[in-house]
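Using this note's numbering, the letters of the sequence shown map in sequence onto residues 1183 to 1333. Every residue, glycine too, gets a C-beta built ideally from N, C-alpha and C.
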Amino acid sequence: MDFLPENLQTVLQNPTFTYLQTTTQDHLTTKLSHLRTMVLQPYLIEPLSSFLASYSSSMPDLLSVFILIIILFVSIKILGYAYRVVMFWIMLAFRLVFWGTIIGIGWYVYSVGVENAGRDFGWLWGVIYGFVDDFQEKSKIAAAAYAGNHK
């Protein structure tokens, strides 16, 4: 502890800090021991050991299991990398489309003027509203026909 500054040495040598450190270690050791005896031993360790003891002649050797785990780990890492690469390109495409649309709308408004762009937007809104209204009307008719046929 000679390499630490003097103010940190006094804090680390404080009796309260030392007491808290030992108490925390004792408390943690007690809780982990309780966890092992109450949960791990009866529910994991004993069933696993009995299973391995009953099938020990047909079980693969330890090296094969480790190689399988390593292959599985590397495969998951490669799939994670591939997922990140694909998501990068998808997000790039969406961002390009979004900003291209914003720039295109801005350029259109600039080139035709605000008044003509507003008129064109109103026309487009009317067309979309007409399609949606027509779709809702046909959906209500189809729902009424379906309800009439299944009574």
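Subject >> Sequence-distant residues of the same chain with beta carbon closer than 7 Å to Tyr-1290, five excluded per side >> reply: If you number the sequence shown from 1, residue 1290 lands on position 108. Same-chain partners within the cutoff: Ala-1299.
Subject >> Straight-line Cα distance separating Trp-1281 from Phe-1270 >> reply: Taking the sequence shown and counting its residues from 1, one reaches residue 1270 at position 88. Taking the sequence shown and counting its residues from 1, one reaches residue 1281 at position 99. Cα to Cα, the separation comes out at about 16 Å.
Original post:
Between which two residues does the alpha helix (DSSP H) carrying Arg-1277 extend?
Top reply: Along the sequence shown, one-based indexing puts residue 1277 at 95. Here the alpha helix (DSSP H) through Arg-1277 covers 1244-1294.
**OP:** Report the three-state DSSP secondary structure of His-1209 (helix, strand or coil).
**Re:** Position 27 of the sequence shown, counting from 1, holds the residue named residue 1209. Three-state DSSP puts His-1209 in a helix.
Subject >> Alpha carbon of Leu-1274 to alpha carbon of Phe-1313, nearest angstrom >> reply: Indexing the sequence shown from 1 puts residue 1274 at position 92. Indexing the sequence shown from 1 puts residue 1313 at position 131. So the alpha carbons of these two residues sit roughly 32 Å apart.
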